[in-house]
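Participant: Residue numbers (our numbering), protein chains in the order written: chain A, 28 to 446; chain B, 28 to 446. Note that the Cβ used here is the ideal one computed from N, Cα and C, for glycine as well.
This is the structure:
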């Protein structure tokens, strides 16, 4: 039987030049975040299927790769005939596993806890350009801090880390969009929508940047909402730029706690004080973010010329309580690593440069043992001094061999002939 | 519903101090191997179920975590009733995926190709101390080099890398065991076993280090082999140390190509010339290694006081051909990362030290925005200068908070009160 040599659908083999770029970016991210006091942790890639299908993940739950039960458990599941074949699944994000992790290890962790995770997640999505079924996310989260310092630190750390990554290719300008779930709710309630309609209204509003205010209006009316309510709702949205205080005072204290507005102002002002002047922080009342678990502030990062966000996050104060019975405030920011790699690749000419001081020993196959040993001792000495050394059999077409090695950064060639 | 807060059976949540040690060791491994010209690559964690269940993995194939088909495919599988619910599985090692990868990407890779992989693998084994269902392996492989330079480079790179890791905790002595599948076959054939019995005979011989020569004898006879053949076979095995030339000449040219013996001698001599003098290279004709795919040299690394090997590998010249229809010589060495971490932990007092020049800003919750902004600007400046800075709300029990931060490496504390 011949085996299948392509990777599984929607997943990618990383070539050496791909990995070099990925490692470089991952090292920047790790180094930068550790300066902010974030500590790296790791959870298993598999989670209990009960946790993964608990309605915390929204639409992502439809995309879970499920892991088959084994042995007697599987047989019992087949016999029962209820289709419950899976006991575990691959994580679709790093947030739900973090909530479980924190509930499980809380007493061993500092408070507040600043976590860094860099790991793959899996979604059985339809593969598209730049969208894969296995992809990496880099998340920072602050658990156990209910003050707005959590938001401020997350925004500062993420902005400055993105700055470090993109400055290498000359991109310095990007925008942090910020909003609050409670402002979204307040605006909808004020216009006359009912509490139970908010979710559906926000699903339409979420398309604002694609279909505009008229598109959102059409969809809401199509969904059966009262046109007068819809118009009242969208009146405040038909603008290019939004002022937080003006927008929120239009909602009014009855539907929006003024403390939320004060906090939003402080987050924006304090974050701005900590980040590169090229980065804009912008109040964006059209920002919704899909995940159902957010409870307060939400944010996203966009970059000119790309119609996707490169990072996003927010506050989710209710998730950890689902695991340990006691709410723990939590706020996180996730970098879409693959999207960043896509943008870097777009702006790079060729592959990443490699160190070019490497030595290659090319040894004729007929060189006797004694001489070979002597040469290998030399190679070992060079390596002990810190040089990168490759040792290879000399090939018939040595010119081609040397060209290939030069492309890998080898500049010195020691040719060892049999005599 | 309350969620499950423990990790999936047999898998582990990594605490910050665990990750610190793991990162440290992974960085040594990556740095050391890259000096030998190995280039890092990555394959998806999932492979086609057909590849994983193709008899290349021996007993590991019984331990595969299988991934359920999705959507219409799953429904068809259920309707068909043949139990074929899985289309993919999680990789149980890094070798089979590498063979697929090489077949798929060969024309984009240098020849010979020196690959480094550091990644998790999954086996639904019974969890034991130090044995997990998700664990990391660090593999180097040389593809497309049929000369013994491949073995020599692999042994030198692995030995010196292990040396770097263990010298930090004062362990300098370990042993490389080396053998060849063709020597194992030759010895069995010479004694009178049939070709088709070799696999079963080697399964018994593999227990030599646990049950001794008498145990192996008893098992072989119990399995129905002729006692005279068994005695003839084991006659040469009843020793403490083995000399390669003596052992092989007892087999004789008829059952063992003298070129194999010459090559083994050269591998041992040349490897010894490249590695730390504390490391012993020992011909070990009792070394079998379980995986069915090995075709020539095999090796393993042991360390005094531990009854498990910490690294192992060998030559497998026939696997890549299964993917691309054309044999490509291949040889690899895999470090058992989790076992190394276990040994390091045994020898360390407490956790890894952390850099201790970090600054913590503790901010009273009532500090007004303006002052907060000023303080955050200072924190940003310190970070820009390279200092690690944490910013936290001041807690009521500040003494406890400072103790906790000191344990994380913070030595300077800036306390910001509201006035």
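Spatial neighbours of residue 171 (chain A) within its chain, please: C-beta separation below 7 Å, excluding the five flanking residues on both sides.
Facilitator: Counting only Cβ-Cβ distances below 7 Å, and skipping sequence neighbours, we find 138, 139, 140, 355, 356.
Participant: Between residue 54 (chain B) and the ligand MG, is there a pair consisting of the residue's CB and a ligand heavy atom that are separated by less than 7 Å?
Facilitator: This structure does not include the ligand MG; it has no bound ligands of any sort.
Participant: Compute the beta-carbon to beta-carbon distance between residue 183 (chain B) and residue 301 (chain B), rounded to the nearest angstrom, for a pair I have assumed lies under 8 Å.
Facilitator: Between residue 301 (chain B) and residue 183 (chain B) the Cβ distance is about 4 Å, and since that is below 8 Å, they are a contact.
Participant: Between the stretch 363 to 380 of chain A and the stretch 191 to 203 of chain A, can you find at least three pairs of beta-carbon atoms closer than 8 Å?
Facilitator: The stretch 191 to 203 of chain A, when compared against the stretch 363 to 380 of chain A, does touch it at the 8 Å Cβ threshold.
Participant: Look up residue 285 (chain A) in the DSSP assignment and say whether it is helix, strand or coil.
Facilitator: In this structure, residue 285 (chain A) counts as helix in the three-state DSSP scheme.
Participant: Might you give, ordered along the chain, the residues of its own chain that have their beta carbon closer than 8 Å to the beta carbon of residue 382 (chain B), omitting 5 neighbours on each side?
Facilitator: Closer than 8 Å at the Cβ level, and outside the excluded window around residue 382 (chain B), lie 415, 436.
Participant: Against chain B, does residue 399 (chain A) count as a neighbour if the rule is that its beta carbon must be under 8 Å from one of theirs?
Facilitator: It does; some Cβ of chain B falls within 8 Å.
Participant: According to the neighbour-count rule (16 or more other Cβ atoms, all chains shown, within 10 Å of its Cβ), is residue 475 (chain A) buried or exposed?
Facilitator: Because chain A here runs from 28 to 446, residue 475 (chain A) falls outside it and cannot be looked at.
Participant: Examine chain A for any beta-carbon lying closer than 8 Å to the beta-carbon of residue 190 (chain B), and answer yes or no.
Facilitator: No - not a single Cβ of chain A is within 8 Å of the one on residue 190 (chain B).
Participant: Where does residue 175 (chain B) land, buried or exposed, given buried means 16+ other C-beta within 10 angstroms?
Facilitator: Buried, since its Cβ has 16 or more Cβ neighbours within 10 Å.
Participant: Does DSSP classify residue 138 (chain A) as helix, strand or coil?
Facilitator: Correct three-state label for residue 138 (chain A): coil.
Participant: Show which residues of chain A have a CB atom less than 7 Å away from the CB atom of residue 130 (chain B).
Facilitator: Going along chain A in sequence order, the residues near residue 130 (chain B) (Cβ under 7 Å) are 32.
Participant: Who are the near neighbours of residue 392 (chain A) in its chain, counting only those whose CB is closer than 8 Å to its CB and skipping five residues on each side?
Facilitator: Cβ within range, chain order: 420, 421.
Participant: List, in chain order, every chain B residue whose beta-carbon is nearer than 9 Å to that of residue 275 (chain A).
Facilitator: Result: empty, since nearest Cβ-Cβ is about 17 Å, beyond 9 Å.
Participant: Under the DSSP definition of a beta bridge, which residues are partnered with residue 143 (chain B)?
Facilitator: Looking at the DSSP assignment, residue 143 (chain B) forms a beta bridge with B:67, B:167.
Participant: Grouping DSSP H, G and I as helix and E and B as strand, with all else coil, what is residue 415 (chain A)?
Facilitator: Coil, per DSSP.
Participant: How is the alpha helix (DSSP H) around residue 478 (chain B) delimited, first residue to last?
Facilitator: Residue 478 (chain B) lies beyond the range of chain B shown here (28 to 446); nothing can be said about it.
Participant: Just checking: is the beta-carbon of residue 415 (chain A) within a distance shorter than 8 Å of some beta-carbon in chain B?
Facilitator: Taking Cβ atoms only, chain B reaches closer than 8 Å to residue 415 (chain A), which makes this a yes.
Participant: Look up residue 511 (chain A) in the DSSP assignment and say whether it is helix, strand or coil.
Facilitator: Outside the shown range of chain A, which is 28 to 446, sits residue 511 (chain A), and nothing can be said about it.
Participant: Against chain A, which members of the stretch 107 to 134 of chain B pass a CB distance test of less than 7 Å?
Facilitator: If the cut-off is 7 Å between Cβ atoms, the stretch 107 to 134 of chain B has 112, 113, 115, 127, 128, 130, 131, 132 near chain A.
Participant: Buried or exposed: which applies to residue 204 (chain B), given that a residue is buried once 16 or more other Cβ atoms fall within 10 Å of its Cβ?
Facilitator: Answer is buried; the Cβ neighbour count reaches 16.
Participant: So, using beta-carbon positions, are residue 145 (chain B) and residue 116 (chain B) closer together than 8 Å?
Facilitator: Contact: no.
Participant: Return no unless some Cβ of chain A is closer than 8 Å to the Cβ of residue 350 (chain B).
Facilitator: Yes, because at least one Cβ of chain A sits closer than 8 Å to the Cβ of residue 350 (chain B).
Participant: Please name the residue or residues paired with residue 388 (chain A) in a DSSP beta bridge.
Facilitator: Beta-bridge pairing links residue 388 (chain A) to A:418, A:441.
Participant: Please check if any C-beta of chain B sits within less than 8 Å of the C-beta of residue 392 (chain A).
Facilitator: Yes, residue 392 (chain A) counts as interfacial toward chain B.
Participant: Of all the residues that make up the stretch 296 to 327 of chain A, which are near chain B by a beta-carbon distance shorter than 8 Å?
Facilitator: Taking 8 Å as the Cβ-Cβ cut-off against chain B, the residues of the stretch 296 to 327 of chain A that qualify are 296, 297, 300, 301, 302.
Participant: Are residue 210 (chain A) and residue 287 (chain A) closer than 8 Å when you measure CB to CB?
Facilitator: Yes.
Participant: How would you write the range of the alpha helix (DSSP H) that residue 243 (chain A) sits in, first residue to last?
Facilitator: Counting along the chain, the alpha helix (DSSP H) containing residue 243 (chain A) begins and ends at 235 to 249.
Participant: Less than 6 Å between C-beta atoms, sequence neighbours within five positions excluded: which residues of the same chain meet that for residue 305 (chain B)?
Facilitator: Cβ neighbours of residue 305 (chain B) beyond the five flanking positions: 199, 200.
Participant: Rounding to the nearest angstrom, what Cα-Cα distance links residue 142 (chain A) and residue 342 (chain B) in this structure?
Facilitator: Distance between the alpha carbons of residue 142 (chain A) and residue 342 (chain B) is about 42 Å.
Participant: How would you list, in chain order, the residues of chain A whose beta-carbon sits under 7 Å from the beta-carbon of residue 75 (chain B)?
Facilitator: The contacting residues are 31, 35.
Participant: Decide if residue 268 (chain A) is buried, meaning its Cβ has at least 16 other Cβ atoms within 10 Å, or exposed.
Facilitator: Under this definition residue 268 (chain A) is an exposed residue.
Participant: So, is the C-beta of residue 447 (chain A) closer than 8 Å to a C-beta in chain B?
Facilitator: The structure shown does not extend to residue 447 (chain A), since chain A is modelled only from 28 through 446, so no value can be given for it.
Participant: Please classify residue 276 (chain B): is it buried, with 16 or more other beta-carbons within 10 angstroms of its beta-carbon, or exposed?
Facilitator: By the 10 Å Cβ count, residue 276 (chain B) comes out exposed.
Participant: Helix, strand or coil, according to DSSP, for residue 196 (chain B) in the structure here?
Facilitator: The answer is coil: DSSP assigns residue 196 (chain B) none of H, G, I, E or B.
Participant: Only counting the same chain, and skipping five residues up and downstream in sequence, which positions put a Cβ closer than 7 Å to that of residue 410 (chain A)?
Facilitator: So the list reads 416, once near-sequence residues are dropped.
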